[in-house]
């Protein structure tokens with residue numbers, strides 16, 4: 022979770038408005054992202070902490086699926 026969250030925070034901070042993650046990676050380069058996320062442990066942890074701070078207090082829409090008006094039939098296995 023820390024790695025993916027750190028990437029999302031990096032993208033939130035550096036991505037352009039309405040830019041998709043694939044285009045962000047294409048613009049800055051995969052090596053840059055790997056350097057920031059995989060090689061820089063302190064930087065990764067800082068990105069993760071900033072994401073957690075941004076999400077603090079936000080309700081989890083999947084916590085109570087009945088209140089989130091989620092059709093749970095989408096999660097039932099299909100028989101083939």
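In the working numbering, the protein residues as written are 22 to 101. Just so it is clear, CB atoms sit at the ideal spot from N, CA and C, and this is done for glycine as well. Being a predicted model, the structure only gives us computed values, none of them experimental.
Environment of residue i [buried if 16+ CB atoms lie within 10 Å]
i          : result
residue 30 : buried
residue 37 : exposed
residue 74 : exposed
residue 96 : exposed
residue 68 : buried
residue 41 : exposed
residue 94 : exposed
Run of the alpha helix (DSSP H) containing residue i, from where it starts to where it stops
i          : result
residue 49 : 42-49
residue 24 : 23-35
residue 65 : 62-76
Integer-rounded CB distance, given that residue j should sit under 8 Å from residue i
i          : j          : result
residue 35 : residue 49 : 7 Å
CA nearest to the CA of residue i, picked from the options
i          : options        : result
residue 62 : 40, 28, 99, 43 : 28
residue 45 : 57, 32, 56     : 32
residue 59 : 47, 77, 24, 84 : 24
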